Every structure is written in structure tokens, then in C-alpha cells.
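Just so we're aligned, residue 50 is where the sequence shown starts under our numbering, counting upward by one.
We put the beta carbon where it would ideally sit given N, CA and C, even for glycine.
In this text, all values refer to a predicted model and were calculated from it rather than measured experimentally.
To keep things clear, I will list the structure first and then write my remarks on it.
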Amino acid sequence: DIVDFLAAEPSRFVFIAIGSPQSELIARQFSQRPGASGVALCIGASLEFIVGTQQRAPRWMRLLVLEWLHRLLSDPRRLWRRYLTSVVPLTKLFIKELKTPSRQPVKPEPR
């Protein structure tokens, strides 16, 4: 299990580069694991952009937060189901997270 592996290997940062919603669900399980350390970052296709196997959306699409649409149109066969099925679980997770009180309240910095 991925969460067991992450918990057994203490790290400052954990980069989760798998599709949504799996990466978010794994990060959530990891954060709730007793003794888990580090920050889980869901980076999705970032590595594909860095190594050049996937092209980023044009700047205007990024400014309008439409990079997801560019990716969908670039690879509809692979992404349509993922994007469609991700909306409901991610929305539920987002709402649940909004209702959960912060574990570490932000303290104002001394002046």
C-alpha cells in the first residue's frame, strides 16, 4: 500500500505524481496517518511538463485557469473519464476540508 510505504519512509516532502483523484485521496490518508511526517504535494502532470513529454497550455489559457481544458483537448481519449469522474469526489473532499477545523491555527507574527 502506498500510504504504508510513505509512512515507513519519513520525508520532509512527499511528491505524489499520479492522476486525480487518487493523488488527493492518498495525500488525505497520509495526512491522517499517526506518525506521518512531511508535506504531501499532489503534483499531477508536473513532471511531464518539466521533461517535455506534455506541452503546457498557452499563456492566455493558463491566465483564465483553463489549462485543464487544454490537456483534455490534447488527449481526450485518456483524460475525459478522469476529468468527469474527478469532479464529484474532489468537490466532496473540498467541502469536507472546508468544514474541518485547522489542526494548527495560524498565529500572528510578533511585530
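The beta carbon of residue 129 lies closer than 8 Å to those of 121 in the same chain, with the five residues before and after it left out.
Residue ranges of uninterrupted alpha helix (DSSP H) with 4 or more members, entirely inside the segment 61-94 and ordered along the chain, are 71-81. Non-local beta-carbon contacts of residue 138 in its own chain, meaning distances under 7 Å to residues more than five positions away in sequence, involve 70 in chain order. Of all alpha-carbon atoms in 107, 110, 146, the one lying nearest the alpha-carbon of residue 77 is that of 146. Annotation: residue 133 to residue 52 spans about 25 Å, alpha carbon to alpha carbon. Out of 149, 99, 55, the CA that lies nearest to the CA of residue 83 is found in 55.
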